[in-house]
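Enquirer:
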Amino acid sequence: MASHAVTLNDAQYEEQRDHRLLGFLFFLISDCIIFSSFIFTYLYLRSAAPVWPPPGVTPADLYMAGVNSIVLFGSGATMHFAMESFKHDKHLRFYWWMMATILLGSMFLGGQAIEYTNLIHENTLWTTSIYGSSFFSLTGLHGFHVFIGVCFLVVVLNQTLSGTYTKTRYFGLTAASLYWHFVDVIWVALFSILYVWR
Amino acid sequence: MAVVEVSHATSEHIHPPPETFVQKYVFSFDHKVIAVQYFITTGLFFVLAGLLAELMRAQLAGPNNHVLSVTMYNQAYSVHGSAMVWLVIIPVLTGAFGNLIMPLQIGARDVAFPWLNMFSFWLFPPAGILLFGSFLLGAPEAGWTEYPPISLQEPAGTSMWCAAIFLVGVSSTITGLNFLVTIIKMRAPGMTWTRMPLFVWATAVTAFLSFIATANLSAALLALFIERTFNVPYYDPSRGGSPVVWQHVFWFYSHPAVYIMVLPAFGIISEIIPTFARRPIFGYKAIAYSSTAIGLMSFMVWAHHMFTSGLAQWVQLPFMILTMAIAVPTGVKIFSWVATLWAGKIRLASPLLFVLGFLSTFTFGGITGIFLASVPADIHEHATYFVVAHLHYVLFGGSIFGIFAGLYYWWPKMTGRMLDERLAKLHFWTMFVSFNATFLPMHWIGLFGMPRRVATYDPVYGGTNLFISISAFVLGASMLIFAYNALRSAKHGELAGPNPWGARTLEWMIPSPPPYYNFDRIPIVLAAPYDYGQPLPYRDVAPEYLAAVPRF
Chain A
1 MASHAVTLND AQYEEQRDHR LLGFLFFLIS DCIIFSSFIF TYLYLRSAAP
51 VWPPPGVTPA DLYMAGVNSI VLFGSGATMH FAMESFKHDK HLRFYWWMMA
101 TILLGSMFLG GQAIEYTNLI HENTLWTTSI YGSSFFSLTG LHGFHVFIGV
151 CFLVVVLNQT LSGTYTKTRY FGLTAASLYW HFVDVIWVAL FSILYVWR
Chain B
199 MAVVEVSHAT SEHIHPPPET FVQKYVFSFD HKVIAVQYFI TTGLFFVLAG
249 LLAELMRAQL AGPNNHVLSV TMYNQAYSVH GSAMVWLVII PVLTGAFGNL
299 IMPLQIGARD VAFPWLNMFS FWLFPPAGIL LFGSFLLGAP EAGWTEYPPI
349 SLQEPAGTSM WCAAIFLVGV SSTITGLNFL VTIIKMRAPG MTWTRMPLFV
399 WATAVTAFLS FIATANLSAA LLALFIERTF NVPYYDPSRG GSPVVWQHVF
449 WFYSHPAVYI MVLPAFGIIS EIIPTFARRP IFGYKAIAYS STAIGLMSFM
499 VWAHHMFTSG LAQWVQLPFM ILTMAIAVPT GVKIFSWVAT LWAGKIRLAS
549 PLLFVLGFLS TFTFGGITGI FLASVPADIH EHATYFVVAH LHYVLFGGSI
599 FGIFAGLYYW WPKMTGRMLD ERLAKLHFWT MFVSFNATFL PMHWIGLFGM
649 PRRVATYDPV YGGTNLFISI SAFVLGASML IFAYNALRSA KHGELAGPNP
699 WGARTLEWMI PSPPPYYNFD RIPIVLAAPY DYGQPLPYRD VAPEYLAAVP
749 RF
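So the protein sequences, as listed, match chains A and B. All residue numbers for the first sequence refer to the working numbering, where the first residue is 1 and numbers rise by one. All residue numbers for the second sequence refer to the working numbering, where the first residue is 199 and numbers rise by one.
1) Quick one: what does DSSP say V57(A) is sitting in, helix, strand or coil?
2) Identify the residues that DSSP records as bridge partners of P649(B): which are they?
3) State the DSSP-derived secondary structure class of R615(B), mapped to helix, strand or coil.
4) So what's R737(B) in DSSP terms, helix, strand or just coil?
5) Check the C-beta distance from A411(B) over to P454(B) and give it rounded, since I have them as a contact under 8 Å.
6) Taking just the CA atoms, how far does G695(B) sit from S3(A)?
7) Pick out whichever of I348(B), T240(B) and G336(B) has its Cα sitting closest to the Cα of G326(B).
8) Name, please, each residue of chain B whose Cβ falls closer than 7 Å to the Cβ of W126(A).
9) Relative to the alpha-carbon of I114(A), which residue among L141(A), D184(A) and N68(A) has its alpha-carbon at the smallest distance?
10) What are the residues in the stretch 367 to 385 of chain B lying within 9 Å of chain A by C-beta distance?
11) Given a cut-off of 9 Å on the beta-carbon distance, is the pair V51(A) and T128(A) in contact?
12) At a Cβ threshold of 9 Å, is A5(A) touching chain B?
13) Relative to the C-alpha of L704(B), which candidate in V553(B), A491(B) and Y743(B) has its C-alpha closest?
14) Around the Cβ of S162(A), are there at least 16 other Cβ atoms within 10 angstroms (buried) or fewer (exposed)?
15) Taking beta-carbon pairs under 9 Å, can you tell me which members of the stretch 127 to 147 of chain A lie near chain B?
16) Report all residues from its chain with a CB closer than 8 Å to the CB of I348(B); omit the five preceding and five following residues, and keep chain order.
17) Once DSSP output is grouped into helix, strand and coil, what is the label at V196(A)?
18) Helix, strand or coil for I544(B), going by three-state DSSP, please let me know.
19) Report the residue ranges of all alpha helix (DSSP H) runs contained in full by the stretch 119 to 154 of chain A; include only those spanning at least 4 residues, in chain order.
20) Can you tell me the Cβ-Cβ gap for Y179(A) and G149(A), rounded? I've got them flagged as a contact below 8 Å.
21) Run the CB neighbour count on N683(B), radius 10 Å, all protein chains shown included, and call it buried at 16 or more, exposed below.
22) For chain B, check one thing: does any of its Cβ atoms lie closer than 9 Å to the Cβ of F38(A)?
23) With which residues is I722(B) paired in a DSSP beta bridge?
24) Assuming H590(B) and L570(B) are in contact, meaning their beta carbons sit under 8 Å apart, how far apart are those beta carbons, in whole angstroms?
25) For Y63(A), go through chain B and note every residue whose CB falls closer than 8 Å to its CB, in chain order.
26) Could you check the C-alpha separation between L109(A) and F364(B) for me, to the nearest Å?
27) Would you identify the three-state DSSP class for L8(A), choosing helix, strand or coil?
28) Using a Cβ-Cβ cut-off of 7 Å (strictly less than) and excluding sequence neighbours within five positions of P215(B), which residues of its own chain qualify?
29) Taking S507(B) as the query, report the chain A residues whose CB atoms sit under 8 Å from its CB, ordered along the chain.
30) Cα separation between F295(B) and V460(B)?
31) Counting C-beta neighbours from all protein chains within 10 Å, is the total for E344(B) 16 or more, i.e. buried, or is it exposed?
32) Can you find a CB in chain A that lies within less than 9 Å of the CB of V447(B)?
33) What is the rounded straight-line gap between the Cα of H252(B) and the Cα of A670(B)?
34) For the structure I just gave you, are there three or more beta carbon pairs, one from the stretch 543 to 560 of chain B and one from the stretch 489 to 499 of chain B, closer than 8 Å?
35) Just mark Q112(A) as buried or exposed, buried being the case when its beta carbon has 16 or more other beta carbons within 10 Å.
36) I need the straight-line Cα distance from S177(A) to W96(A), nearest angstrom please.
Here's what the structure looks like:
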């Protein structure tokens with residue numbers, strides 16, 4: 001399809017971009033519904049439980065998750081700067097901001113891996129209690145999205161370096177940045193209900 | 199007329215036509231070919247799920263029959279329900295009718311994302327294989343709703359059920375967002391929202407419901423699958439989970455899904471009635487906006503399926519009132535359709551016959567729905583055949599009658615040939631009479647207390663059940679008339695011409711079957727399509743189509 005895209009004139013490209021942008025927004029809405037469904041399940045189980053967290057469960061550490069959140073929100077900022085640099089044709093800056101975003105995203109995943117290891121050492125598993133099942137499914141689903149997001153960023157960075165995107169035609173970058181911000185926003189909700197709300 | 203001056207950005211941008219067999223008929227991007235693929239696969243699944251129903255009726259013909267074992271009976275009704283909902287009614291109304299008609303009615307060359315359309319179809323046959331294949335590993339036994347904790351204790355077939363419905367869910371989500379982008383962005387120049395055909399309105403609302411509600415079901419299925427496979431507690435009450443969560447999440451999807459299954463049928467009805475009454479549709483905006491109202495309200499009534507699940511009384515009351523309120527926009531449609539027929543110049547051709555069948559049976563099912571919405575009545579009727587009767591009056595009497603109405607109406611457009619009218623009428627009357635003979639008595643035996651989902655029953659219900667079973671066999675046999683008619687039309691069907699019914703929407707302004715590009719030039723739309731008696735409101739349509747006169 002790449003060779004196909006080259007043959008589009010400006011009006012056709014804009015029309016195609018509009019379709020894809022709307023379709024991508026709808027996809028993000030349905031993705032948001034998937035999170036909402038798991039969040040609803042968690043809130044329901046939590047409100048029905050006599051004590052929270054269930055007896056014998058050590059909940060995840062707020063401070064570590066706090067540091068990790070700052071890393072993720074920072075990556076949202078670097079993503080924004082990357083897009084601004086691209087729109088202003090500053091390709092070197094764009095490259096470094098993208099590298100920073102990818103690095104911060106990977107750091108978030110690393111932090112999550114350490115967090116999981118600690119919990120597993122304390123025998124908080126997703127099979128042992130409804131705390132574990134809710135915590136690991138929500139953060140795991142989100143972590144999976146971050147992982148997909150990092151892959152997405154690597155792909156679009158590579159495409160930019162090979163000249164796929166121009167100053168007026170960069171839908172792939174827009175999509176990647178929207179996806180990244182979406183994953184960020186979901187984390188705000190998850191961080192509040194899983195860590196801050198004790 | 200600023201709208202008319204929208205640039206023809208894509209009108210000259212045409213994909214090259216496919217050349218190889220695989221590109222043309224297997225992995226085709228063409229919405230019309232994909233629609234036919236959906237018709238064929240859903241037809242096959244309809245036969246399989248229908249045979250399961252006939253097996254159940256064979257078992258229930260006598261009070262203590264041994265046609266099926268108790269386990270087999272449970273599997274039969276669970277797979278019958280799941281297959282009819284997810285493999286037949288939803289995909290035939292969205293995937294088949296939506297794909298075939300919606301792009302033509304908005305004057306587009308294809309949907310917004312043809313590749314995704316193809317992908318979404320090809321998720322669907324594997325889902326069917328998984329669902330029917332689950333018999334090999336022990337099919338699900340807890341009904342199409344698969345309530346935990348029973349669904350957690352079942353053999354591996356239930357995991358296959360989860361995977362199957364998950365695939366259908368992904369397919370439905372993708373189709374939904376694809377259609378909604380298509381309808382928002384690709385309407386012909388001049389086709390404002392209030393000039394859209396009513397089938398497109400219905401498809402737009404359905405598409406919205408599909409990608410919102412279905413994602414929610416996918417999440418629940420994922421959780422059920424994880425709980426069954428990895429023993430992770432979400433729904434198991436003995437480990438702190440709650441089976442009621444499943445019911446909430448499931449019905450938060452499945453109530454909108456009821457409207458996914460009936461709104462496109464409403465759309466079909468709204469197209470057929472003005473064509474055969476030769477009158478402008480009564481209350482165009484009322485019908486269009488009531489679809490939207492139904493779509494939004496469908497997210498607010500889910501807990502009426504759970505009145506016997508131990509909800510607090512203050513939760514039951516608003517759901518009861520909202521459920522009764524959702525009958526209002528549905529009633530608006532029924533009255534508008536009847537008002538369109540009123541004093542119309544009615545031609546009683548086969549599509550209209552099925553519409554009249556729809557109107558009577560669906561209205562009946564809607565009224566028993568009001569009974570069930572009332573908490574005290576529901577507590578008595580919930581676990582009885584009354585619910586079975588109600589469900590089949592809306593899903594068979596509503597959706598399936600609507601589907602056949604649409605098939606008889608658009609068959610000439612799809613294939614280029616007419617179906618035989620006499621066989622069609624024979625099909626209608628056999629189906630209509632045997633349908634009512636099958637499901638009407640279920641109301642009484644339900645009110646007398648015959649429980650649903652049980653393989654045996656008290657001998658006092660024996661005579662009625664034998665009558666129901668015989669009627670159900672006739673109902674199954676009536677489908678053979680349609681199959682024969684469809685096969686016969688391929689060779690002996692009269693050539694249809696572009697517009698055999700004298701209809702006014704855009705799909706009739708091109709040859710039958712439509713050419714690969716649908717429209718030589720994208721037409722310009724000047725008004726809503728239902729003003730019978732006025733000249734056709736299109737520019738850039740060849741004169742021979744504008745002059746077409748109805749043959750019936």
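Each residue gets a CB set at the ideal place from its N, CA and C atoms; glycine is no exception.
Expert: On the basis of the data shown:
1) Counting from 1 along the first sequence, the entry for residue 57(A) is found at position 57. Here V57(A) sits in coil by DSSP.
2) Taking the second sequence and counting its residues from 1, one reaches residue 649(B) at position 451. Partner(s): T582(B).
3) Numbered from its first residue, the second sequence carries residue 615(B) at position 417. Note: R615(B) maps to strand in three-state DSSP.
4) As a first step, residue 737(B) must be located in the second sequence, where it is residue number 539. Correct three-state label for R737(B): strand.
5) Here residue 411(B) refers to the residue found at position 213 when the second sequence is read from its first residue. Here residue 454(B) refers to the residue found at position 256 when the second sequence is read from its first residue. Confirmed, Cβ separation roughly 4 Å.
6) Reading the first sequence from its first residue, position 3 is the one you call residue 3(A). Reading the second sequence from its first residue, position 497 is the one you call residue 695(B). Because S3(A) carries a pLDDT of 41, less than 50, the predicted location of this residue cannot be relied on, and no value is offered for it.
7) Within the second sequence, the letter at position 128 stands for residue 326(B). With distances taken between Cα atoms, G326(B) lies closest to T240(B).
8) Translated into positions along the first sequence, residue 126(A) becomes position 126. Chain order gives the chain B residues near W126(A) as V430, where near means a beta carbon separation below 7 Å.
9) Mapped onto the first sequence, residue 114(A) falls at position 114. Among L141(A), D184(A) and N68(A), the Cα nearest to that of I114(A) belongs to N68(A).
10) Within the stretch 367 to 385 of chain B, the residues whose Cβ lies closer than 9 Å to some Cβ of chain A are T371, I372, G374, L375, N376, L378, V379, T380, I382, K383 and M384, listed in chain order.
11) Locating residue 51(A) in the first sequence gives position 51, counting from the first residue. Locating residue 128(A) in the first sequence gives position 128, counting from the first residue. Going by C-beta atoms, V51(A) is not nearer than 9 Å to T128(A).
12) Indexing the first sequence from 1 puts residue 5(A) at position 5. With a pLDDT of 44 at A5(A), under the threshold of 50, the predicted position of this residue should be treated as unreliable, and no value is reported.
13) Within the second sequence, numbered from 1, the residue matching residue 704(B) stands at position 506. Answer by Cα proximity: Y743(B).
14) Numbered from its first residue, the first sequence carries residue 162(A) at position 162. Flag for S162(A) reads exposed.
15) T127, T128, S129, I130, Y131, G132, S133, S134, F136, S137 and L141
16) Taking the first residue of the second sequence as 1, we reach residue 348(B) at position 150. E339 and A340.
17) Indexing the first sequence from 1 puts residue 196(A) at position 196. DSSP places V196(A) in helix when its eight states are reduced to three.
18) In the second sequence, residue 544(B) corresponds to position 346, counting from 1. Coil.
19) Here no run is fully enclosed.
20) Within the first sequence, residue 179(A) is the residue found at index 179, counting from 1. Within the first sequence, residue 149(A) is the residue found at index 149, counting from 1. Confirmed, about 6 Å.
21) Walking along the second sequence from the start, residue 683(B) turns up at place 485. It is buried - the Cβ of N683(B) has at least 16 other Cβ atoms within 10 Å.
22) For this step, residue 38(A) is matched to residue 38 along the first sequence. So yes, F38(A) belongs to the interface.
23) As a working note, residue 722(B) is residue 524 in the second sequence. Paired residues: R737(B).
24) Position 392 of the second sequence, counting from 1, holds the residue named residue 590(B). Position 372 of the second sequence, counting from 1, holds the residue named residue 570(B). Taking a contact as a CB-CB distance under 8 Å, the pair H590(B) and L570(B) does not count as one, their CB atoms being some 13 Å apart.
25) For the purposes of this step, residue 63(A) is taken as the residue at position 63 of the first sequence. Within 8 Å Cβ-Cβ: nothing; Y63(A) doesn't reach chain B, min ~27 Å.
26) Position 109 of the first sequence, counting from 1, holds the residue named residue 109(A). Position 166 of the second sequence, counting from 1, holds the residue named residue 364(B). Distance between the alpha carbons of L109(A) and F364(B): 27 Å.
27) For this step, residue 8(A) is matched to residue 8 along the first sequence. Here L8(A) sits in coil by DSSP.
28) For the purposes of this step, residue 215(B) is taken as the residue at position 17 of the second sequence. Result list for P215(B): Y714, in chain order.
29) By 1-based counting over the second sequence, the position of residue 507(B) is 309. Those within 8 Å of S507(B) in chain A number zero; the least Cβ separation is about 13 Å.
30) The residue you call residue 295(B) lines up with position 97 of the second sequence. The residue you call residue 460(B) lines up with position 262 of the second sequence. Taking the Cα positions, F295(B) is about 13 Å away from V460(B).
31) Counting from 1 along the second sequence, the entry for residue 344(B) is found at position 146. Classification for E344(B): buried.
32) The residue you call residue 447(B) lines up with position 249 of the second sequence. It does: the Cβ of V447(B) has a partner Cβ on chain A nearer than 9 Å.
33) Numbered from its first residue, the second sequence carries residue 252(B) at position 54. Numbered from its first residue, the second sequence carries residue 670(B) at position 472. In the sequence as displayed, the identity of residue 252(B) is Glu instead of His. Answer to the nearest angstrom: the Cα atoms are 7 Å apart.
34) no
35) If you number the first sequence from 1, residue 112(A) lands on position 112. Flag for Q112(A) reads buried.
36) Position 177 of the first sequence, counted from the first residue, corresponds to residue 177(A). Position 96 of the first sequence, counted from the first residue, corresponds to residue 96(A). Distance between the alpha carbons of S177(A) and W96(A): 15 Å.
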